[in-house]
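Chains as they are written, first to last, in my numbering: chain E, 923 to 1326; chain A, 923 to 1326.
Now the structure itself:
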């Protein structure tokens, strides 16, 4: 099966090009594929982040494609590196997690991971298997192979160093530990975003130094978030989680700027290459309403992370509520506090309690933007006084509760 | 006894000032002395160097003075840091030692150490007691407390970094491990040369961070070597080892430039302060031949590291041979190879074999400088052909063998 698939030019183009920023070194990777041995595909994750979003899905879908060609994913739970915190692309030293937090987060993460990646072709390893017994001698052996200058040349370190922002010495250990993971599991290929290139190359170098065949590095493009500008990330609030309800995935996708329709379609769906070329031509010619292509994308994503029915329902809901201005079919209920409690209560507090805003700050912002309605009437005061049972509270375009 | 001594102003001046570059923080140190508790005086050594020379003796004599006041030396065998190599004041990453080399070197070192320091008031600790069990968690805990910039600000690191010379990441661990030693033994005072200030202060900081009373730092002046310019060090060949034979200590001391007479006398002998002031005045006024003061210094040093008779003999030998041009009383013998072996042999090789030069390079240099004589005749060819049994071979001013 391995050897058949790599003779199919279409399959190879899809696997090696689509949603791939770069492969270091592509010719070596093709050679390994031709070797016919199932490859060990290293994918590390940092359990300080619990949620998988579409940005991660780009790489996980690539893993799945390679699994479908017969290769094996080695999922590394970064329970040690998470205690340090990956400095890649960050501008500040971050607080460490407890071991307990790491374990909880890892469980949440994996539940989502296996929605994309095939569990049966995955070997899960914890860094503690090798770092639990790591001695000072091991640390010395590892740190002696690289210089401070090599590491400070990395963009984010260089910028922080120049700006006199603190870089804990610990942070230099991060890429070394990640690199050692490659040695520990004898990785053939490691996957990461383009901002992980440095770390992936350290792994490649270290394997060569200890006599292993250096791994190939699959660099995935960084997916912009729903703002269309910044890298998708939970902390920036511009993410679409793969575990979100159908209406959220659909609605957030519809909020994308038009210039993201093609990259999202290419990186996150199985829409055929020919069709994507067609979409590109239509968009360039102005012969299609981008909204229609975006709805197609939104359906594809809901269908992929939920199912086809959910996609149909989400689209209907979106058309009724956001496009048609009507209320959705089923509105969640929220128990309104007693009138005397309500009298002195801020509306922002009620919005948070009812799950319509993630923080009092966001709630106040929504109120001041005129994005909060009670029974279809805009509210401008941050007060909950006088709200009655039976009213429908709405925040933004898609969030409703019925007060009971 | 502790409290009595610190009331003696002369004793205190001698302990706190003579041969001390700086104490950080002196007022805190005086307070600790006044506390009356025997202090734990940390002295770490790097067993990558086997020989104690006069440069080290400055600090070891200070330890002994404090032992004589009732305090305790904690000698730390740097069997872990030696595997890294102290980057302080060095301009290049250096090779690591094996554990076996470290053990052998430590034994040689300690035999010399206890010629100065009182063994009965010394507690010897090996870093492996705490670093043998050091985990990656410990390393992370340690490295997270300091930043890369703090460490790269250290002069030698800064210079190497600017000059694009490699600094292994391991070298950043060195000051951290040395600092952790202070925590492990609950050091009250650490001793080191002025080039160790950074490392000593990291120890002081770390103790404060983990809730210990921060140690005081005794910074000892760096003793120039026999060239009078560079810091005394074995690798520069400008050292006087405390374990060298009386004639060597005497002769090397006599080779010092005159401007080193006072610092050597002050840092390395018990010549009274008043006498040293007198010597200073005489030298300034030109009312004394510096040679006489140097002979006094040379006698003091031989007497200290051997005994008074050895000092008398060394002086007599020096006067006969170097000053009087005669041969010393007892010349070591060396078995001359057979004439046919000798015919094709280089003289430089013979000089090394006979112990008159430490390397073929040094031997060739001595020959080209005209510093090699056979029976009083200068030799300029690097050939051993024709040398006969009974001849006296001389290299430099003080080294002889009789060929038998």
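Virtual Cβ for every residue (Gly too), placed ideally from N, Cα, C.
None of these values were measured; they are calculated from a predicted model.
Which residues does DSSP list as the beta-bridge partners of residue 1069 (chain A)?
E:1090
Exposed or buried, what is residue 1216 (chain A) when buried is set at 16 or more other beta-carbons lying within 10 Å of its beta-carbon?
buried
Quick one: is residue 1148 (chain A) buried, meaning 16 or more other Cβ sit within 10 Å of its Cβ, or exposed?
buried
With DSSP as the reference, label residue 947 (chain A) as helix, strand or coil.
coil
So the candidates are E:1318, E:1277, E:1314 and E:1298; which of them puts its Cα closest to the Cα of residue 1290 (chain E)?
E:1318
Go through its chain and collect everything with a Cβ distance to residue 1053 (chain A)'s Cβ below 6 Å, but skip five positions before and after it.
1002
For residue 1118 (chain A) and residue 1121 (chain E), what's the separation of their Cα atoms in angstroms?
34 Å
So within the stretch 1088–1168 of chain E, which uninterrupted beta strand (DSSP E) runs reach at least 3 residues, ignoring any that extend past its ends?
1111–1115 and 1138–1142
Chain A contact for residue 1088 (chain E) (CB, 7 Å cutoff)
yes
Which of the three DSSP states, helix, strand or coil, is assigned to residue 1051 (chain E)?
helix
Report the neighbours of residue 1048 (chain E) on chain A: residues whose CB is nearer than 7 Å to its CB, in chain order.
Per Cβ cutoff of 7 Å: no residues; residue 1048 (chain E) is ~13 Å from chain A at best.
Count the other CB atoms within 10 Å of the CB of residue 1261 (chain A); is the residue buried (16 or more) or exposed (fewer)?
exposed
Could you name the residues that DSSP lists as bridge partners for residue 975 (chain E)?
E:1163
So, at 8 Å on beta carbons, what are the nonlocal neighbours of residue 1051 (chain E) in its own chain, with the 5 sequence-adjacent residues on each side left out?
1106
Show which residues of chain E have a CB atom less than 9 Å away from the CB atom of residue 1061 (chain A).
1056, 1058, 1061, 1092 and 1095
Can you tell me which of the three DSSP states residue 994 (chain A) falls into?
strand
Below 7 Å between beta carbons: does that hold for residue 941 (chain E) and residue 1145 (chain E)?
no
What's the call for residue 984 (chain E), buried or exposed, on a 16-neighbour Cβ count within 10 Å?
buried
Quick one: is residue 1066 (chain E) near chain A, going by C-beta distance under 7 Å?
yes
Check whether the Cβ atoms of residue 987 (chain A) and residue 947 (chain A) lie closer than 7 Å to each other.
no
Interface partners of residue 1053 (chain A) on chain E, CB under 8 Å
1058
Quick one: is residue 1093 (chain E) buried, meaning 16 or more other Cβ sit within 10 Å of its Cβ, or exposed?
buried
Chain-order list of residues whose beta-carbon lies under 6 Å from that of residue 1028 (chain A) (same chain, five-residue window excluded):
969 and 999
Please state the DSSP three-state secondary structure of residue 1061 (chain E).
helix
Member of E:995, E:991, E:953 and E:1082 whose CA lies at the smallest distance from the CA of residue 1044 (chain E):
E:995
Can we say the stretch 1072–1088 of chain A touches the stretch 1058–1077 of chain E, given the rule of at least three CB pairs closer than 8 Å?
yes
Would you check if the distance between the CB atom of residue 966 (chain A) and the CB atom of residue 1180 (chain A) is smaller than 7 Å?
no
Would you say the stretch 1130–1137 of chain E touches the stretch 1164–1177 of chain E, given that touching needs at least three Cβ pairs under 8 Å?
no
Answer with yes or no whether the minimum CB distance from residue 1044 (chain E) to chain A is below 7 Å.
no
Under DSSP, the beta strand (DSSP E) around residue 962 (chain A) begins and ends at which residues?
962–967
Span of the beta strand (DSSP E) around residue 1324 (chain E):
1321–1325
Does the distance from the CB of residue 1177 (chain E) to the CB of residue 1219 (chain E) come in under 7 Å?
no
Can you tell which of E:1088, E:1311, E:963 and E:1064 has its C-alpha closest to the C-alpha of residue 1096 (chain E)?
E:1064
How would you label residue 1167 (chain E), buried or exposed, when you count the other beta carbons within 10 angstroms and need 16 or more for buried?
exposed
Contact defined as beta carbons within less than 8 Å: I believe residue 1212 (chain E) pairs with residue 1183 (chain E). What is the distance between those atoms, to the nearest angstrom?
6 Å
Which parts of the stretch 1210–1266 of chain A are runs of the alpha helix (DSSP H), unbroken and 4 residues or longer, counting only runs that do not cross its ends?
1212–1227, 1230–1240 and 1261–1265
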